[in-house]
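Asks:
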Amino acid sequence: MKSSRTMSLSARFGVFCASLGLFFVLWEVAALSSGSSLILVGPIPVLQALVALLQNHLPRGTLGIQGANAAILQTLATIVLGFILACIVGIPVGLIMGRWKTAEALIDPWLSAAYSIPIVILIPMLYFAIGADFYAEVFVTFLLTVFTIIVNTHHGVKYVSNALAEVGKSYGASESQFLAKIILPASMPDIISGMRIGMGRAILAAVLAEVLMSGNGLGGMMMTFQDVLNTPYMMAVVFLIALMGIAVLQLPKVLERRLFRWKGTESLSREIRR
Amino acid sequence: MKSSYAKCIILSGTLIIFVAVWWVIAAALNNPREIVGPFQTGTAFISLFTDPPLTRLLIAGLQVTMLSILLGFALAVMVGVPIGVLMGRYLIVDLFCDPWVNIWYSIPAIAFVPLAMNWTGVSATSSVIIAFLITVFTVIINVYGGVKNISGSLIDSGLAYGATQTQVMTKIILPAALPNIMVSLRLGISRAIEGVVIAEMVFTVVGLGGLMDDAADNLQLALSGALIIILAIISLALAEGMKYIAGRALAWKESQAMVRE
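Residue numbers (the numbering used here), protein chains in the order written: chain A, 1 to 274; chain B, 1 to 261.
1) Does F203 (chain B) come within less than 9 Å of chain A when only Cβ atoms are used?
2) Once you ignore the five residues that flank I130 (chain A) on each side, which residues in its own chain have a CB closer than 8 Å to its CB?
3) Count the other CB atoms within 10 Å of the CB of V167 (chain A); is the residue buried (16 or more) or exposed (fewer)?
4) At 4 residues or longer, what runs of the alpha helix (DSSP H) sit wholly inside the region 8-71 of chain B?
5) So is M242 (chain B) buried or exposed if we call it buried at 16+ other beta carbons inside 10 Å?
6) Against chain A, with Cβ distances strictly below 9 Å, would N118 (chain B) count as a contact?
7) The region 220-254 of chain B: which residues have C-beta closer than 8 Å to a C-beta of chain A, in chain order?
8) Using the C-alpha atoms, what's the distance from A205 (chain A) back to L81 (chain A)?
9) Which residue from A:A86, A:L73, A:T231 puts its Cα closest to that of F147 (chain A)?
10) Identify every run of the alpha helix (DSSP H) within the region 183-248 of chain B, keeping only runs that are complete inside it and at least 4 residues long; order them along the chain.
11) Since I believe I130 (chain B) is in contact with G80 (chain B) (beta carbons under 8 Å), could you give me their beta-carbon distance rounded to a whole number of angstroms?
12) To the nearest angstrom, report how far apart W22 (chain B) and G225 (chain B) are at their CA atoms.
13) Quick check: the Cα distance between V183 (chain B) and P82 (chain B), rounded to an integer number of angstroms?
14) Quick one: list the residues of chain C neighbouring M212 (chain B), beta-carbon separation under 8 Å, in chain order.
15) Can you name the residues of chain B whose CB is closer than 7 Å to the CB of M234 (chain A)?
16) Whose C-alpha, out of A:M244, A:R257, A:I107, is nearest the C-alpha of L15 (chain B)?
17) Could you give the distance in angstroms between the alpha-carbon of M201 (chain B) and the alpha-carbon of A215 (chain B)?
18) Can you check which of these residues, B:L54, B:L185, B:F112, B:S47, is closest to I198 (chain B) by C-alpha distance?
19) For my contact list, M234 (chain A) and M222 (chain A) are in at a C-beta cut-off of 8 Å; report their separation, rounded to the angstrom.
20) At a CB distance below 8 Å, what residues from the region 126-141 of chain A approach chain B? Give them in sequence order.
21) Do you know how far the Cα of L73 (chain A) is from the Cα of A202 (chain A)?
22) Might you give, ordered along the chain, the residues of its own chain that have their beta carbon closer than 6 Å to the beta carbon of A132 (chain A), omitting 5 neighbours on each side?
23) Would you say Q226 (chain A) and N118 (chain B) are within 9 Å of each other, going by their C-beta atoms?
24) Name the chain A residues that come within less than 9 Å of W96 (chain B), Cβ to Cβ?
25) Could you pull out every residue in the same chain whose Cβ sits closer than 7 Å to the Cβ of I172 (chain B), ignoring the five residues on either side in sequence?
26) Please say whether A105 (chain A) and A116 (chain B) have beta carbons closer to each other than 9 Å?
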């Protein structure tokens, strides 16, 4: 059995570099063997296009769309606004559900429905009901994000350890003290983890809303480049969206690990929820 | 634990409230170009089954959508479970794959849509590719977590009694990781559904999602609403079916695994 449980740091780094290198080689090989720049282009043209986009240069023939920086800013604004709204609504609802059985019983059917049915199917209908402007997209982002935040907050509050709760009760904590000093800190890792996953959902929601509704922002730009078969620029936008997702979902995990070391690995292992 | 009777009341109450609110909003706005009420949608829903041309469209769309979901999901499971097991078992595979699995897992589904359109066009094949791509990493991460957390004493005692590598794999690792594999299937199926629906809505010509988007574009909002209900029923059925399978597969383990999810 050669499954060594430990490995030196430099060996780990070596394997990581090999993995990174292999990916770019595979990408280049796939691009070359696809035989057409319409199907797939290698990493270098994509990175060039990405740099051009970040410097606000658009290729010829796509004059109809927003400037690159304006598109990026609009998408970011949609994500952030929708996400903040989802937190403002989702965290209190999750808290209430975790604390009061009646609220839990009443809200739970909505939650399970929203979790088993892909809410994205509502977008074409919402298009007609609320229009296709910036605020409609913020609303879609809110709608696709809020349930993730509610579920994770609810879960964190509901499973606060009994030992903690009983100590609070027997020392005569008032309900507000109980919430502020026991429930909130103890469920914070779950809330944060829900916010992290929710932020990932917000990116998906905002870009999807742009593709299906207004055609502005990064999503609109991505589909425009797809339409005019400008593969390097299209892949650069895809790359940018992917980078946003990675930054939002992976970086906070590192922070989480540092901030909540006292809570052990519990919140990290639970991160499988959508 | 709530009795199933009370649960039934709450569920039907929720449904009634939902339809009532929908009806009131639709009646208040009274603009069939913005929102259609539950009655028109219900009529359209019935016409989906009684009007032969519509029924034909529905069946064709249903076939394509179900096939895309199930194919993408099955491929993701066939690829994801072995990779997850290998990553959990061998450190070198873990180190090699872990960054990529996490990175690809974090990419929003919509980013794969234009790529797949370039590769295989606006087709059901593209839906399958997208469903596969957004499902497979969820499966890998969950299976990996399960295999990684198997207590070493289980494996060590197996080895001490002279189990071969294959026996360790089939008799110890797979049964012990089964709860996580089942969780990965349940999360995976909903990701696959979402992926296919997103792809079809963007393509607008493939499957039920395309039919629904197309109906909305033609201002047939009632038909679009009826198709949304059909898609919702399919998703619920698939999710519940997967829950049932998971429950059956884990019946021999105590209820712990079910709670954990």
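All residues carry an ideal CB built from backbone N, CA and C; glycine is no exception.
Replies: In brief:
1) With 9 Å as the cut-off, F203 (chain B) does not count as an interface residue toward chain A.
2) Around I130 (chain A): A136, F139.
3) The residue in question, V167 (chain A), is exposed, as its Cβ has fewer than 16 Cβ neighbours within 10 Å.
4) Here the runs fully enclosed are 38-50.
5) Buried is the label assigned to M242 (chain B), since at least 16 other Cβ atoms lie within 10 Å of its Cβ.
6) Taking Cβ atoms only, chain A reaches closer than 9 Å to N118 (chain B), which makes this a yes.
7) Those would be L221, S224, G225, I228, L231, A232, S235, L236, A239, E240, in chain order.
8) Annotation: L81 (chain A) to A205 (chain A) spans about 12 Å, alpha carbon to alpha carbon.
9) The closest CA to that of F147 (chain A), considering only A:A86, A:L73, A:T231, is found on A:A86.
10) Taking only runs of at least 4 residues, the alpha helix (DSSP H) segments lying wholly in the region 183-248 of chain B are 207-217.
11) In this structure G80 (chain B) does not touch I130 (chain B) by the C-beta definition: roughly 15 Å separates them, more than the 8 Å allowed.
12) Roughly 12 Å between the two C-alpha positions.
13) Those two C-alpha atoms are separated by around 15 Å.
14) In summary, chain C is missing from the structure at hand, where the protein chains are A and B.
15) Among the residues of chain B, those whose CB is under 7 Å from the CB of M234 (chain A) are P114, following chain order.
16) With distances taken between Cα atoms, L15 (chain B) lies closest to A:I107.
17) Going from the Cα of M201 (chain B) to the Cα of A215 (chain B) covers about 11 Å.
18) The shortest Cα separation from I198 (chain B) among B:L54, B:L185, B:F112, B:S47 belongs to B:F112.
19) Yes, they are in contact, since the Cβ atoms of M234 (chain A) and M222 (chain A) sit about 6 Å apart, within 8 Å.
20) So the close ones are Y127, F128, A129.
21) For A202 (chain A) and L73 (chain A), the distance between alpha carbons rounds to 15 Å.
22) Once the five neighbours on either side are set aside, the close Cβ partners of A132 (chain A) are M213, S214.
23) Result yes, Cβ atoms of Q226 (chain A) and N118 (chain B) sit closer than 9 Å.
24) Per the sequence presented here, residue 96 (chain B) reads as Phe, with Trp not at that position. Close partners of F96 (chain B) in chain A (Cβ separation under 9 Å): V15, F16, A18, S19, L22.
25) Excluding positions up to five away in sequence, the list reads L154, I155, G158.
26) Cβ atoms of A116 (chain B) and A105 (chain A): not closer than 9 Å.
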